[in-house]
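Visitor: Let me begin by handing over the structure; questions about it come next.
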Amino acid sequence: MPRLTDARKELRRAQITEAAVRCFGRNGLERTSITDITAESGLSTGSIYAHFRNKAEIVQATARATLAQRAEVLGEYARDDNPPDPDELLARMTSVIDPVEARFGVQIWGEATTNPAIGAIVVDMIDRLRAMVRDCVASWLVKAEGHEPAEAREKAAPIAHRVLALYLAELLRIALPGEGEL
């Protein structure tokens, strides 16, 4: 059997983590099995286990992949010649929240309270998101408001904290079932 290239391995891992997010969002972390992820991904069980030792590794990889997607978008905002102001940044961030990913994110937060490995990922994820939002806000303060970079970073920190808190609140709101969906 031919060996997979590194690029092909990454594509397979992405295929598995994307399927896992859908399963976790639909069934919950506890009720999702490797069999569910296998069926959702269209891969064999052997292929799943060739990339991940167990469900816990899939959960961790999925949490990291979700952060990477957010990081890419926030990085684009910060590098833009006309970075968004904090209100527009929040509007952009919340407008692209996927309900399935939101449900997965909230479940990961719950798991973080009792699982140290997941807890470390969540803390790192929130710290990194806050830093990225701070960079976006600092970029806006420099480019649109004319602040010096050092002053902008200092002023951006509390603003980023509030923007991220509102983003996480909206993520939770979207994750919760609407009226009549319980």
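Every number in the numbering used here is 10 more than the matching position in the sequence shown, counting from 1. Cβ coordinates follow ideal geometry from the N, Cα and C atoms, glycine included.
Can you give me the start and stop residues for the alpha helix (DSSP H) that I58 sits inside?
Guide: Sequence index remark: in the sequence shown, residue 58 carries index 48 (1-based). From DSSP, the alpha helix (DSSP H) with I58 extends over T55 to H61.
Visitor: If I follow the unbroken alpha helix (DSSP H) through R18, where does it start and stop?
Guide: As a working mapping, residue 18 is identified with position 8 in the sequence shown. First-last of the alpha helix (DSSP H) with R18: D16 to N37.
Visitor: Between which two residues does the alpha helix (DSSP H) carrying H171 extend?
Guide: Along the sequence shown, read from residue 1 onward, the residue named residue 171 stands at position 161. Taken as a continuous stretch (DSSP letters only), the alpha helix (DSSP H) holding H171 covers P159 to A185.
Visitor: Let's see if you can read the secondary structure: which residues bound the alpha helix (DSSP H) around E67?
Guide: Against the sequence shown, residue 67 aligns to sequence position 57. First-last of the alpha helix (DSSP H) with E67: K65 to R89.
Visitor: Report yes or no: do the region 116-123 and the region 48-68 share at least 3 C-beta pairs separated by less than 8 Å?
Guide: As far as the Cβ criterion goes, the region 116-123 does not touch the region 48-68, which means the pair count is below three.
Visitor: Less than 6 Å between C-beta atoms, sequence neighbours within five positions excluded: which residues of the same chain meet that for M201?
Guide: Nothing can be reported for residue 201: it is not among the residues displayed for the chain, which extend from 11 to 192.
Visitor: Excluding sequence positions up to five away, which residues of its chain have a Cβ less than 6 Å from the Cβ of P96?
Guide: Walking along the sequence shown from the start, residue 96 turns up at place 86. V147, I169 and V173.
Visitor: Under three-state DSSP, which class holds S43?
Guide: For the purposes of this step, residue 43 is taken as residue 33 along the sequence shown, with counting starting at 1. Correct three-state label for S43: coil.
Visitor: Please identify the residue among S149, A112 and D145 whose C-alpha is closest to the C-alpha of R36.
Guide: The sequence position of residue 36 within the sequence shown is 26, counting from 1. Checked all of S149, A112 and D145; the closest Cα to R36 is A112.
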